[in-house]
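Novice:
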Amino acid sequence: MKLRSFIVLLLLVLAPLAALAWLGARLARHEQMAAERHIEAALRGRLDDLAGQIDAMMEDRRRALLAALAEAEPSPAGLRELARKNPHIAQGFALSSAGQIIYPNPADPTLSEAEWAFLRRAQDSLSPGELLAASAEELSAINQIAGAPQAQAQMPAAANDPQGTVSRRVPINNPAQSQQMAAPPAQQLTQQPAPQQMQMPPPAQQQAAQMPQQPYAQSFANVSPLELRSGWYAWYWGRGAHVLLWRRDELGQFVGVELNGARLLADVIALLPDSTPESEKRINLYRSLTDGGSASRYYVQAELLRLVDTSGATLYQWTPRGPMTLADGSKPSAARPLAPPLHAWSLELHLPPGAMGAGLGRGTQLALAMGLAALALALGGMALYLWREQTRALREAAQRVTFVNQVSHELKTPLTNIRMYAEMMEDSLDELAEQPRRHLDVILAESRRLSRLIGNILSFARRQRNGLTLHPQPGVIDETVESVAGHFRPALEAQNISLSLQLGAPEPVRFDADVLEQILGNLLNNVEKYAPGAAVTISTRCEAASGRTIITVADTGPGIAPAHREKIFAPFYRISSRLTDGVAGTGIGLSIARDLARLHGGDLRLVKGDAGATFELTINAETE
Amino acid sequence: MKILVAEDDHNLRRGLAALLEREGYTVLTAANGRDALDVFQSQAPEFVCLDIMMPGLDGYELCKRFRKSRPGLPIIFISAKSEEIDKVLGLELGADDFITKPFGTREVLARIRAVTRRCLAAREPDASTTPFTMDDLEIRPAELRAMRPGEPPIDLSLRDVAILRALHARRGQAVDRATLFREAWSLEHVPMSRTLDQHVSQLRKRIERDPQNPQVICTVHGVGYRFD
Chain A
8 MKLRSFIVLL LLVLAPLAAL AWLGARLARH EQMAAERHIE AALRGRLDDL AGQIDAMMED
68 RRRALLAALA EAEPSPAGLR ELARKNPHIA QGFALSSAGQ IIYPNPADPT LSEAEWAFLR
128 RAQDSLSPGE LLAASAEELS AINQIAGAPQ AQAQMPAAAN DPQGTVSRRV PINNPAQSQQ
188 MAAPPAQQLT QQPAPQQMQM PPPAQQQAAQ MPQQPYAQSF ANVSPLELRS GWYAWYWGRG
248 AHVLLWRRDE LGQFVGVELN GARLLADVIA LLPDSTPESE KRINLYRSLT DGGSASRYYV
308 QAELLRLVDT SGATLYQWTP RGPMTLADGS KPSAARPLAP PLHAWSLELH LPPGAMGAGL
368 GRGTQLALAM GLAALALALG GMALYLWREQ TRALREAAQR VTFVNQVSHE LKTPLTNIRM
428 YAEMMEDSLD ELAEQPRRHL DVILAESRRL SRLIGNILSF ARRQRNGLTL HPQPGVIDET
488 VESVAGHFRP ALEAQNISLS LQLGAPEPVR FDADVLEQIL GNLLNNVEKY APGAAVTIST
548 RCEAASGRTI ITVADTGPGI APAHREKIFA PFYRISSRLT DGVAGTGIGL SIARDLARLH
608 GGDLRLVKGD AGATFELTIN AETE
Chain B
113 MKILVAEDDH NLRRGLAALL EREGYTVLTA ANGRDALDVF QSQAPEFVCL DIMMPGLDGY
173 ELCKRFRKSR PGLPIIFISA KSEEIDKVLG LELGADDFIT KPFGTREVLA RIRAVTRRCL
233 AAREPDASTT PFTMDDLEIR PAELRAMRPG EPPIDLSLRD VAILRALHAR RGQAVDRATL
293 FREAWSLEHV PMSRTLDQHV SQLRKRIERD PQNPQVICTV HGVGYRFD
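Chains as they are written, first to last, in this note's numbering: chain A, 8 to 631; chain B, 113 to 340.
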């Protein structure tokens, strides 16, 4: 099979496969990216759901605490009692409309250590302006978070202050305002003037009726700070975040509570997944709500949920399937800050390394691989079929040549016997009557003719597979011509063809005598068949300058029409005419003769076709 | 000279045997490779003609074994395989010549004589290889040729040389048929055939200036032949 055809066939198979593989890879990549986005959205949805539950819990807490504040006795004693009874409250406080701290009053000598600690950590926060401003900012942040879940509160980490003397109110959207404030001298807190008496706020029921029924953020959208009646206040002090809830009465007095941080954290953690049966149910519920596609199910089992503060410290973490170790500096697959006042905390979801990519689009990849394999098989099968079809013709031709070769080969031994026994008979019989001798001559002539035919067929077969070779030996061309003429003379005379020789190449040269015999034999064979009664002359001459020998075979037969003069050298071509029809022949004699002449460095041409045919044979014969 | 002909076609084997016997060779035949090996080992021929495609051991294998046993043995392949590779392989295995079928008798005899000359030339000179002269003809036994001044050499067979040597050794004497058969055919009895006469007739055609008036081999009617 030619190299070019093989390359074309290879390209026919590989090019579409390569194109499809490239398209498939792009498709798989797009699918993977889409799956990753879907997973991210699912993870964010999961976090949103958790954050929503926490928000709902905080709203309930706000309502309950505001109701409790409304019901409590509006006095320090009442606030103490409220804090004592309510586990969600760490400390109560009251401010006058002018901003003076009514409770816990620094001038009160009966303050407990806890109340003093509250004063230390909240001293910068306990002012109407601070509380109102912070709440307004928080409202804005809540609206932002509700509208943009990805936005996180920019909360610089608090300084590590083991003594708790640094009080820091952390603004939500203005990190530049977060400053490390100087610790005021502790004794300042004790020099407060005598507290004013708290004025009675409106009845609790009226206050409760005035409480906004809507969620916190929506209630105070587009409300100016001065109109706020309650609010959260969060600040970072020491190692943790602290949260205040305040309410303001018609007189402008502020009363509120600080939430118990540990209890608050426990309440938030209680809403997060754990390994209890109740939690599993909750997990399945929110997964079914947030998982929009099958891709996410691959990763649900391997996630890690964390609650972290602004410093990245883990407050709580949970994995559904055994422990999972995070590499240092690993980023969460999804993160969401909680809404104010808990915006110091964030929820994070982590997936194991490589989990995001593992199995993504696995179904598509498998389908793609199977499709490519099927296409490769189909294309390969088609290529194989085409190759076999193309080579079949060659195989059949080779088989025909092989058959011809085999047949010719098998003919040689019997032909050898015929010729050998005939020659031995000729040699052993001194005197033979004319007829027996003629019979014997026919046997010999026909055996030689059969030999030539077999020789031609074998030469043709060798030419088909480029197997013709030359074997020059020293010899005299005239002697070879004489030998051939001697062999053909009886057969030519039987056709009344006179043969004459004009020899002019007597010098020893190197040439392939067998090849020359075969060429001359084919030419004289044609004379015998097609020019009965004619005269044929074989002449030889040497051209010393070119080193060529020219042998001419000229007969006076019917000649060859111009239309056939070049075609007669084509394999299997035979002139069909009144003169030639019925004459036996294979049509390969002249074709073989020309090929052998050219193999010998010369050529065979028909130089004259009118009033007979003259063939000119030239061969290169080196002088010995 | 004993010559082994290994050829599986029996007609060709018999024909070659007849041809070579006429030449003066003592012919041993074998129809397959195994038989050829047995004859070689038992009768030690001095010349071997091998066909290639034979049952049992083929000609190539036989050639290798013969060469290994007797490196100087003349070997000729006679085969229908005519591809160049076949000839090259045969010659590379050590054959002295490769004759392809179909061939004429003269061709095969000429090639066998050529190889025989090389074989004889390699022998130590003795009386059997000493040239001798008959009339103006110089007989060179080692070359299987007869030379006449100014003329091309005349190829002779072993039998031809034996006949001429027998006549030369008894110059002027009539040599009877029995003697000639014994010395040229190695036969102790005279067969009832014209074998000798036909052979002499053919020999005369080659060496006599005028075969009808022979000067070298003269007929002695009723006895045999004589060289004067």
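All C-beta atoms, glycine included, are put in the ideal place defined by N, C-alpha and C. Given the structure is predicted, the values throughout are model-derived calculations rather than measurements.
Name the chain A residues that come within less than 7 Å of Gln314/B, Cβ to Cβ?
Specialist: Position 202 of the second sequence, counted from the first residue, corresponds to residue 314/B. Those are Asp434, listed as they occur along chain A.
Novice: Quick one: is Pro214/B near chain A, going by C-beta distance under 9 Å?
Specialist: The residue labelled residue 214/B in the question sits at position 102 within the second sequence. At least one chain A Cβ lies under 9 Å of Pro214/B.
Novice: If we ignore side chains and look at the alpha-carbon of each, how far apart do Ala239/B and Gln525/A end up?
Specialist: By one-based count along the second sequence, residue 239/B stands at place 127. By one-based count along the first sequence, residue 525/A stands at place 518. Cα to Cα, Ala239/B sits roughly 45 Å from Gln525/A.
Novice: I'd like to know whether the C-beta of Asn473/A is nearer than 9 Å to at least one C-beta of chain B.
Specialist: One-based indexing of the first sequence puts residue 473/A at position 466. It does not; no Cβ of chain B falls within 9 Å.
Novice: Would you list, in chain order, the members of the stretch 114–144 of chain B that have their beta-carbon closer than 7 Å to a beta-carbon of chain A?
Specialist: So the list reads Asp121, Asn123, Leu124, Gly127, Ala130 and Leu131, given in the order they occur along the chain.
Novice: By DSSP, does Ala568/A sit in helix, in strand, or in coil?
Specialist: As a position in the first sequence, residue 568/A is number 561, starting the count at 1. Coil.
Novice: I'd like to know if Leu457/A contacts chain B, where contact means its C-beta is closer than 9 Å to some C-beta of that chain.
Specialist: The sequence position of residue 457/A within the first sequence is 450, counting from 1. Chain B contact via Cβ: present.
Novice: Is the stretch 246–255 of chain B close to the stretch 213–224 of chain B, with three or more CB pairs under 8 Å?
Specialist: With a cut-off of 8 Å, the stretch 213–224 of chain B and the stretch 246–255 of chain B do not count as touching, because too few Cβ pairs lie within range.
Novice: Mapping the DSSP letters down to three states, classify Gln285/B as helix, strand or coil.
Specialist: Looking up residue 285/B in the second sequence gives position 173. Reduced to three states, the DSSP call for Gln285/B is coil.
Novice: Cα separation between Ser138/A and Leu345/A?
Specialist: In the first sequence, the residue the question calls residue 138/A occupies position 131. In the first sequence, the residue the question calls residue 345/A occupies position 338. The sequence given here has Leu at residue 138/A, not Ser. Roughly 20 Å separates the two Cα atoms.
Novice: With a cut-off of 8 Å on the beta carbons, I'd call Glu320/B and Val328/B a contact; round off their distance for me.
Specialist: Residue 320/B sits at position 208 when you count from the first residue of the second sequence. Residue 328/B sits at position 216 when you count from the first residue of the second sequence. Right, their Cβ atoms sit about 6 Å apart.
Novice: Here's the rule: buried if 16 or more other CB atoms are within 10 angstroms of the residue's CB, otherwise exposed. What is Asn325/B?
Specialist: Residue mapping note: residue 325/B aligns to position 213 of the second sequence, counting from 1. With fewer than 16 Cβ atoms within 10 Å of its Cβ, Asn325/B is classed as exposed.
Novice: Would you kindly work out how many angstroms separate the C-alpha atoms of Pro169/A and Arg128/A, rounded to a whole number?
Specialist: As a position in the first sequence, residue 169/A is number 162, starting the count at 1. As a position in the first sequence, residue 128/A is number 121, starting the count at 1. Reliability fails at Pro169/A, whose pLDDT of 37 lies under 50, so the model's placement of it is uncertain and no value is given.
Novice: For Ile115/B, which residues does DSSP report across the bridge?
Specialist: Mapped onto the second sequence, residue 115/B falls at position 3. Partner(s): Val139/B and Phe159/B.
Novice: Go through the stretch 205–250 of chain B residue by residue and report every complete run of the alpha helix (DSSP H) that reaches 4 residues or more, in order.
Specialist: As far as the stretch 205–250 of chain B is concerned, its whole alpha helix (DSSP H) runs of at least 4 residues are 217–233.
Novice: Which bits of chain B does Thr423/A rub up against, with CB to CB less than 7 Å?
Specialist: As a working note, residue 423/A is residue 416 in the first sequence. Result: Leu124, Lys213, Pro214 and Phe215.
Novice: What whole-angstrom Cβ distance do Phe215/B and Arg283/B have, given they're in contact under 8 Å?
Specialist: As a position in the second sequence, residue 215/B is number 103, starting the count at 1. As a position in the second sequence, residue 283/B is number 171, starting the count at 1. That pair is no contact at about 38 Å.
Novice: Output, in chain order, the set of chain B residues within a Cβ distance shorter than 8 Å of Glu430/A.
Specialist: Position 423 of the first sequence holds residue 430/A. By Cβ distance, chain B contributes Gly216, Thr217 and Arg218.
Novice: In this structure, how does DSSP classify Trp352/A when only helix, strand and coil are distinguished?
Specialist: Locating residue 352/A in the first sequence gives position 345, counting from the first residue. In the structure shown, Trp352/A sits in coil (DSSP, three-state: anything other than H, G, I, E or B).
Novice: Taking only beta-carbon atoms, is Gly461/A less than 9 Å away from chain B?
Specialist: The residue labelled residue 461/A in the question sits at position 454 within the first sequence. A small correction: the amino acid at residue 461/A is Ile; Gly does not occupy that position in the sequence shown. It does: the Cβ of Ile461/A has a partner Cβ on chain B nearer than 9 Å.
Novice: If you measure from the beta carbon of Arg426/A to each beta carbon in chain B, is any gap under 9 Å?
Specialist: On the first sequence, residue 426/A is found 419 positions in, with the first residue counted as 1. Yes, Arg426/A counts as interfacial toward chain B.
Novice: Tell me, please, which residues DSSP counts as bridged to Val250/A.
Specialist: Counting from one through the first sequence, the residue named residue 250/A turns up at place 243. Answer is Ala241/A.
Novice: Considering only the beta carbon of each residue, do Leu292/B and Gly336/B sit closer than 9 Å?
Specialist: The residue labelled residue 292/B in the question sits at position 180 within the second sequence. The residue labelled residue 336/B in the question sits at position 224 within the second sequence. Yes, these two residues count as a Cβ contact at 9 Å.
Novice: Can you tell which of Glu263/B, Val200/B and Phe159/B has the C-alpha that lies nearest to the C-alpha of Leu232/B?
Specialist: The sequence position of residue 232/B within the second sequence is 120, counting from 1. Answer by Cα proximity: Phe159/B.
Novice: With a threshold of 9 Å between beta carbons, is Ser507/A in contact with chain B?
Specialist: The sequence position of residue 507/A within the first sequence is 500, counting from 1. No, Ser507/A does not count as interfacial toward chain B.
Novice: May I have the straight-line CA-CA distance separating Val287/B from Val543/A, to the nearest angstrom?
Specialist: Residue mapping note: residue 287/B aligns to position 175 of the second sequence, counting from 1. Residue mapping note: residue 543/A aligns to position 536 of the first sequence, counting from 1. Their backbone Cα atoms lie some 51 Å apart in a straight line.
Novice: Distance check for Ala79/A and Pro209/A, CA to CA, integer angstroms please.
Specialist: If you number the first sequence from 1, residue 209/A lands on position 202. If you number the first sequence from 1, residue 79/A lands on position 72. With a pLDDT of 44 at Pro209/A, under the threshold of 50, the modelled position of this residue cannot be trusted; read the value that follows with caution. Answer to the nearest angstrom: the Cα atoms are 12 Å apart.
Novice: Can you confirm whether the stretch 18–27 of chain A touches the stretch 307–325 of chain A when touching is taken to mean that 3 or more C-beta pairs between the two stretches lie within less than 8 Å?
Specialist: Counting Cβ pairs under 8 Å, fewer than three are found: no touch.
Novice: Using only CA atoms, which one of Lys114/B, Glu119/B and Arg257/B lies nearest to Leu63/B?
Specialist: Nothing about residue 63/B can be reported from this structure: the residues present for chain B run from 113 to 340 only.
Novice: Straight-line CA distance for Ser269/B to Asp208/B?
Specialist: Working through the second sequence from its first residue, we reach residue 269/B at position 157. Working through the second sequence from its first residue, we reach residue 208/B at position 96. Each residue's alpha carbon lies about 19 Å from the other.
Novice: When you compare the CB of Ser553/A with every CB in chain B, is at least one pair closer than 9 Å?
Specialist: To locate residue 553/A, count along the first sequence from 1; it is residue 546. False, the Cβ-Cβ gap to chain B never drops below 9 Å.
Novice: Can we say the stretch 451–459 of chain A touches the stretch 470–484 of chain A, given the rule of at least three CB pairs closer than 8 Å?
Specialist: No: fewer than three Cβ pairs fall under 8 Å.
Novice: At the level of alpha carbons, what is the spacing between Gly99/A and Arg270/A?
Specialist: Indexing the first sequence from 1 puts residue 99/A at position 92. Indexing the first sequence from 1 puts residue 270/A at position 263. If I take the Cα positions, the gap works out to 15 Å.
Novice: I want to know whether the stretch 384–402 of chain A touches the stretch 37–46 of chain A - three or more CB-CB distances under 8 Å.
Specialist: They do not touch, by the three-pair rule.
Novice: Taking the alpha-carbon of Gly511/A as reference, which of Glu550/A, Val491/A and Ala58/A has the nearest alpha-carbon?
Specialist: Residue mapping note: residue 511/A aligns to position 504 of the first sequence, counting from 1. Here the closest residue by C-alpha is Glu550/A.
Novice: Closest to Leu102/A by C-alpha separation, out of Trp123/A, Ile14/A and Val264/A, would be which residue?
Specialist: Reading the first sequence from its first residue, position 95 is the one you call residue 102/A. It is Val264/A whose Cα lies nearest to the Cα of Leu102/A.
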